[in-house]
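For the sequence shown, counting from 1, position 311 maps to 317 in this note's numbering; every step adds exactly one.
Note that beta-carbon positions come from the ideal geometry of N, C-alpha and C, so glycine has one too.
Please read these numbers as outputs of a predicted model, since none were measured by experiment.
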Amino acid sequence: METIILEVDNSVDSDSSYQQAVDTLKKGEVVAFPTETVYGLGAVATDKESVAKIYKAKGRPSDNPLIIHIGRKEEVAQYAQNISKEAKQLMDAFWPGPLTLVFDQIPNKIAVNALSGVETVGLRMPDHPVALRLLRTLQLPLAAPSANRSGKPSPTEAEHVAKDLQGLIPLILDGGQTGVGLESTVLDMTTTRPTILRPGGITKEMIENVIGPVVISHHLKEEEAPRSPGMKYTHYAPEAPVFLIEAKEEIIQEAIKSYQQQNQKVAVIGPNELEQAVANWYFALGAEDDMNEMAMNLYKALRMCDGTDADLILAVEVQATGVGEAFMNRLHKAADGKRYTATSVNN
Ligand code: TXA
Ligand code: MG
């Protein structure tokens with residue numbers, strides 16, 4: 007299959023590009039498009055055969071429900087029931103934006119394979135002009151996971167989508183680099199106290215300022231029997247193994263040197279301030295006090311490691327507060343439990 011990439015920015019007349027995307031989706035095919043978080047791989051969420059093509063292109067197991075994207079708040083009532091006052095307050099505060107709300111579903115509206123058989127539905131209204139225009143022109147909901155091959159870092163540029171899915175999907179809408187850089191916060195509104203299933207750009211503090219106390223799922227760290235099934239797979243992993251490392255200059259230098267003594271090439275991902283000349287590659291994410299910038303550049307840096315012949319990647323830790331919580335959540339998954347300590351080099 008040939009993959010067409012269409013640039014859609016405001017400087018060019020892109021009516022025909024949107025029409026092509028809508029026609030492709032209505033024919034039952036998938037289309038990759040930018041959101042404010044990461045690129046999504048969309049299919050009409052009410053059509054089972056279309057949704058099946060998402061799983062096929064991604065190589066993703068189908069026991070993991072997909073987020074359903076809508077273009078208008080009013081559409082929530084078509085797919086979800088028992089919508090609480092708190093949920094409405096959150097929609098008013100953060101939609102469009104990087105917050106997915108999980109509700110009880112109205113049965114038989116969304117294709118069963120988009121929801122992998124669960125009785126809930128995760129809905130979100132993305133804050134990106136291309137995503138919103140696509141959804142509003144289409145006038146149908148889009149099931150859309152991140153547009154990467156399963157296990158790879160989520161794409162934050164059209165080029166990343168092409169790298170993973172070239173030849174597997176018919177169309178990519180290119181809207182430039184995405185702004186948030188990490189996937190949306192997933193908040194389960196069906197529990198007595200709303201539960202954060204996945205941290206993201208809308209932080210716990212921001213949510214609590216609107217509706218009061220929420221719970222963070224303890225499965226975020228312990229991965230057994232996850233409520234949000236997506237949490238149990240290896241994620242965001244570049245080819246070389248990733249080790250977390252403390253944000254201390256001496257420790258980072260010591261680690262680089264001892265790996266290099268064993269003839270290993272080291273790539274480091276970290277803040278501008280800790281850039282190490284001795285590293286074989288250093289991918290600077292941004293100023294250490296600018297968590298938003300660091301988050302925006304994380305997946306790109308993980309992917310850039312694949313363009314090197316590094317034997318291992320050291321990823322510098324940040325404080326797990328605010329957006330830092332989502333950042334560290336993704337790094338933990340990329341590292342799959344591995345963390346540098348002086349002894350891990352010598353064994
Ligand atoms: O920012 C995002 O959310 C991106 C962009 C494209 O919108 N999408 C995305 O989708 O990250 P995906 O499919 O890669 O991640 C969906 C996450 C998974 O962890 C999944 O288990 C959880 O949301 N999820 C979706 N629906 C759910 C439901 N009904 N109940 C519990 N968890 C759900
Ligand atoms: Mg994903």
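Thinking C-alpha only, which one of the options is nearest residue i?
| i | options | result |
| --- | --- | --- |
| A348 | A332, E260, L291, F333 | E260 |
| A307 | N298, I319, M297 | I319 |
| G357 | I60, W101, N88, R66 | In the structure as shown, the chain starts at 7 and stops at 353, and residue 357 therefore has no counterpart that could be examined. |
| I258 | N215, V322, D296 | V322 |
| E163 | F39, Y85, G128, Q26 | F39 |
| G330 | N269, P205, C311 | P205 |
| N303 | K32, T43, L12, K59 | T43 |
| W287 | A301, Q270, S156, D29 | Q270 |
| I251 | I116, D296, V324 | V324 |
| E8 | S190, Y305, Q172 | Q172 |
| A153 | L138, Q145, I178 | I178 |
| L188 | T106, K115, E256, I116 | T106 |
| Q26 | E81, A86, R139, K79 | R139 |
| S20 | I262, D29, N335, V136 | V136 |
| Y346 | P247, R336, C311, V284 | P247 |
| V284 | E256, D296, C311 | E256 |
What's the call for residue i, buried or exposed, on a 16-neighbour Cβ count within 10 Å?
| i | result |
| --- | --- |
| P200 | buried |
| V118 | exposed |
| R309 | buried |
| T198 | exposed |
| P67 | exposed |
| Q111 | buried |
| P219 | exposed |
| P113 | exposed |
| D133 | buried |
| E228 | Caution applies to E228, whose pLDDT of 43 falls short of 50 and renders its modelled position unreliable; the value that the coordinates give is listed next. Classification for E228: exposed. |
| K32 | exposed |
| N352 | Low confidence applies here, because N352 scores a pLDDT of 47, under 50, leaving its location unreliable and the question unanswered by this model. |
| S22 | exposed |
| A83 | exposed |
| N335 | buried |
| K254 | exposed |
| K263 | exposed |
| V221 | exposed |
| T327 | exposed |
| G123 | exposed |
By Cβ distance below 6 angstroms, which residues in the same chain neighbour residue i in space, the five residues on each side in sequence not counted?
| i | result |
| --- | --- |
| S56 | G34, A49, V50 |
| K339 | H241, Y242 |
| M300 | L291, G292 |
| G103 | D133 |
| V186 | E42, T43, P104, G207 |
| E13 | D180 |
What are the residues that DSSP puts in a beta bridge with residue i?
| i | result |
| --- | --- |
| T162 | DSSP lists no partner for T162. |
| S152 | G46 |
| E13 | D180 |
| A38 | L47, I178 |
| L146 | Partner(s): none; L146 has no beta bridge. |
| G276 | A290 |
| I222 | I202 |
| L31 | None, per the DSSP bridge assignment. |
With a threshold of 8 angstroms on Cβ separation, who are the neighbours of residue i within its own chain once the five nearest residues in sequence on each side are excluded?
| i | result |
| --- | --- |
| E279 | A293, E294 |
| R233 | With a pLDDT of 45 at R233, under the threshold of 50, the modelled position of that residue is not reliable, and no figure is offered here. |
| I217 | E92, Q95, L96, P200 |
| R155 | K64, G65, D170, L171 |
| T191 | P104, L105, T106, I202, R204, P205, G206, G207, I208, T209, I213, A332 |
Any heavy atom of ligand 4 closer than 7 angstroms to the CB of residue i?
| i | result |
| --- | --- |
| P151 | This structure does not include ligand 4; its bound ligands are ligand 1 and ligand 2. |
For residue i, which residues of its own chain have a beta-carbon under 7 angstroms away from its beta-carbon, when the five flanking residues on both sides are left out?
| i | result |
| --- | --- |
| G236 | No answer about G236 holds up, because its pLDDT of 49 lies below 50 and its placement is not dependable. |
| A63 | V36, L47, L171, L174, I175 |
| I11 | A164, A168, I178, D180 |
| N298 | V329 |
| S90 | M195 |
| T126 | V108, F109, D110, Q111, T196 |
* Which ranges would you report for the beta strand (DSSP E) in the region 185 to 210 if only whole runs of at least 3 residues count? -> DSSP runs (the beta strand (DSSP E)) wholly in the region 185 to 210: 191 to 194, 201 to 204.
* **Complete runs of the beta strand (DSSP E) confined to the region 76 to 140 [at least 3 residues]** => Along the region 76 to 140, the beta strand (DSSP E) occurs as fully enclosed runs of 3 or more residues at 105 to 111, 126 to 130, listed in sequence order.
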